[in-house]
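**Student:** The structure is given below, and queries will be raised subsequently.
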Amino acid sequence: INYKDSIDQGFVRGDAVYRDTTANRRIDADEFQYREKSNYFRAIKRDKRPLFRQLIEEDTLYMSADTLLSAQDSSGLNYINAVRRVLIYKSDLQGMCDSLYYTEKDSSFVMTGQPVVWSDTTQFSADTIRILLRNDEVREIIAISNSFIISKENEQLFNQIKGKLIHAYLDSNRLKQMFVKGNAESLYFLKDDEDAYVGPSKTLCS
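Be aware that the sequence shown starts at 5, since it is given in the working numbering, and climbs by one per residue.
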């Protein structure tokens, strides 16, 4: 550990661990740079990728990437940048992308670079995916440009929706409602009153 108080600059190497007990946050890395007064850190990959974890209620959010960077914006709220081969895991949400930005300002994740998100039995993909949290739960997923949702009906059948933009609303991790704008298409498998499959229903509209 090497820290210079006069310029607020530190460097840690070798099984480095960063803990923020106030925010219930921890980062494990081979090495990272940090500035204590501005709450800045940059963890980079050497032999292993940095691992970020944060306790949220009774669950833990995990995130790994080749580079993790965190700092405070002008309003004093924290943000996190994850770059290259980003993986996130939470009991009710999993995802992967090339770049991720998270801000405490509106508790949102913005994922770019071929992002894919899984929630329950539903998979989301698009050019950009925005995830909004409320009360530490995923409440909205916004898929922007080339948006596609596929939901597992059974081992052989999958309900599908695509469009330019898809705004999905979730409740207790269940997909409750969504709006699709621009070249909207849907393919759903209908059931009768006895829960037997009748056949597919395909819809195309603006």
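Quick reminder that beta carbons are idealized off the backbone N, C-alpha and C, glycines included.
(1) Is it right to say Gly99 is buried, meaning 16 or more other beta carbons lie within 10 angstroms of its own, or is it exposed?
(2) Quick one: which unbroken beta strand (DSSP E) runs of 3-plus residues sit fully inside the region 86-168? Chain order, please.
(3) With a 10 Å radius around its C-beta and 16 neighbouring C-beta atoms as the bar for buried, classify Thr207 as buried or exposed.
(4) Nearest to Phe152 by alpha carbon, out of Val87, Asn139, Glu189?
(5) Which residue's Cα is closest to the Cα of Tyr105: Asp9, Leu91, Asp96?
(6) Mapping the DSSP letters down to three states, classify Gly186 as helix, strand or coil.
(7) I'd like the list of long-range same chain contacts for Ile154, defined as Cβ closer than 6 Å, with 5 residues on each side in sequence excluded.
(8) Going by C-alpha distance, which of Val121, Ile148, Ser42 is nearest Val184?
(9) Indicate the three-state DSSP secondary structure (helix, strand or coil) for Glu40 in the structure shown.
(10) How would you call Cys209, buried or exposed, if buried means at least 16 neighbouring beta carbons within 10 angstroms?
(11) Could you give the residue range of the beta strand (DSSP E) that holds Ala245?
(12) If you draw a straight line from the alpha carbon of Leu169 to that of Gly14, how long is it in whole angstroms?
(13) Should Gly167 go down as buried or exposed, given a rule of 16 or more other Cβ atoms within 10 Å for buried?
(14) Check the C-beta distance from Leu137 over to Ser176 and give it rounded, since I have them as a contact under 8 Å.
(15) Got a sec? Which residues, its chain only, sit under 6 Å from Tyr72 by beta carbon, not counting five neighbours each side?
(16) If you run the structure through DSSP and keep just helix, strand and coil, what is Pro212?
(17) Can you give the Cα-Cα distance for Thr125 and Lys156, rounded to whole angstroms?
(18) In the structure shown, what three-state DSSP assignment does Ala75 receive?
(19) If distances are taken between C-alpha atoms only, which option among Tyr44, Lys49, Tyr93, Ala69 comes closest to Gln76?
**Tutor:** The relevant details are as follows:
(1) buried
(2) 97-107, 112-116, 120-123, 126-129, 132-138, 141-156
(3) exposed
(4) Glu189
(5) Leu91
(6) coil
(7) Contacts found: Gln127, Phe162, Gln164.
(8) Ile148
(9) coil
(10) exposed
(11) Since the displayed the chain opens at 5 and closes at 210, residue 245 lies outside it and no answer follows.
(12) Within the model, the alpha-carbon separation for Leu169 versus Gly14 is close to 43 Å.
(13) So Gly167 counts as buried.
(14) About 14 Å separates the two Cβ atoms, so there is no contact after all.
(15) Looking at the sequence shown, residue 72 is not Tyr but Leu. Excluding positions up to five away in sequence, the list reads Ala47, Pro54, Phe56, Ala86.
(16) Absent from the structure is residue 212, since the part of the chain shown begins at 5 and ends at 210.
(17) 6 Å
(18) strand
(19) Checking every option, the nearest Cα to that of Gln76 belongs to Tyr44.
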